[in-house]
Amino acid sequence: MDDTLWRQLELAGIGLTAGIFVILPKPPAATLPIAIFIPACVGLWSLYAAARVRAQRRLLERWGLRPNVHLRPLVAILAPLLGGLVLLGLGLAWVLGRSLLPPYLWLSLLLYPLWGLIQQWLVQALFVDNVRALAGASTLWLLGLGAIGFGAIHLAHPPLVVATALMGGVYVALFQRWRNLWPLACCHGWLGSLFYPWVLGINPAEQLVELLCP
Numbered sequence: 005m006d007d008t009l010w011r012q013l014e015l016a017g018i019g020l021t022a023g024i025f026v027i028l029p030k031p032p033a034a035t036l037p038i039a040i041f042i043p044a045c046v047g048l049w050s051l052y053a054a055a056r057v058r059a060q061r062r063l064l065e066r067w068g069l070r071p072n073v074h075l076r077p078l079v080a081i082l083a084p085l086l087g088g089l090v091l092l093g094l095g096l097a098w099v100l101g102r103s104l105l106p107p108y109l110w111l112s113l114l115l116y117p118l119w120g121l122i123q124q125w126l127v128q129a130l131f132v133d134n135v136r137a138l139a140g141a142s143t144l145w146l147l148g149l150g151a152i153g154f155g156a157i158h159l160a161h162p163p164l165v166v167a168t169a170l171m172g173g174v175y176v177a178l179f180q181r182w183r184n185l186w187p188l189a190c191c192h193g194w195l196g197s198l199f200y201p202w203v204l205g206i207n208p209a210e211q212l213v214e215l216l217c218p
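Residues 5 to 218, numbered by the numbering used here, are exactly what the sequence shown covers, in order.
Laid out in structure tokens, this is it:
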């Protein structure tokens, strides 16, 4: 199968995945649907990635899955950005009266980057980059697509839509310049781990533990 068809099929798969995710009930209204969806999504897409990479090793570079590539410039940009946003989150948590150390924060900080890696790979490598390759979209259009993609994922939580859309544009710009998803995934996961309990008052890790160990 040629590369163009693979890219088209990946875009169709992204559309299906995003559609299911958007319509699923989210915490705190419901925990079980998303607790089933996320492992299934991670598992199925990981199997796809493994099969494709086994057949075409060059996809590791194209998809940004080599952790030691372009690491220094990405860390140099993301570290101060992450630090500034954490300070902002601390301020919001203080104003809103949230706990700064919610239960099972360590679990969220550990697991969320893995889910962030899948999200970054789906949006950056299989959505935005495939649109760039198939349609010849300009950088400005790509930034917009990334912003829309990340914002749409968080429609269930309106306060996060604008913030994640802005970060989505930043992630696209960085990925198109330096193809390494790992620092982006860590930034994504750690920010999500903090901002859900600090800003929304939602603790996904605690809800997961309560679901698995009632």
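From the three backbone atoms N, C-alpha and C, an ideal C-beta is built for every residue, glycine too.
Just so you know, these numbers come straight off a predicted model, no measurement behind them.
- Taking all protein chains shown into account, I24 has fewer than 16 neighbouring C-beta atoms within 10 Å of its C-beta and is therefore exposed.
- Take Y108, set aside five residues on each side of it, and the residues of its chain with a beta-carbon closer than 6 Å to its own are A209, E210, V213, in chain order.
- One thing to note: V166 has its Cβ no nearer than 7 Å to the Cβ of L149.
- Boundaries of the alpha helix (DSSP H) harbouring M171: 162-181, taken from the DSSP string.
- Counting along the chain, T8 sits inside the alpha helix (DSSP H) bounded by residues 7-27.
- Beyond the five residues adjoining it in sequence on each side, L198 comes within less than 6 Å, by CB distance, of G93 in the same chain, given in chain order.
- One alpha carbon belongs to G120, the other to L146, and they sit about 19 Å apart.
- Here A169 is near A151, since their CB atoms are less than 7 Å apart.
- Distance from the CA of L85 to the CA of I18, rounded to the nearest whole angstrom, comes to 28 Å.
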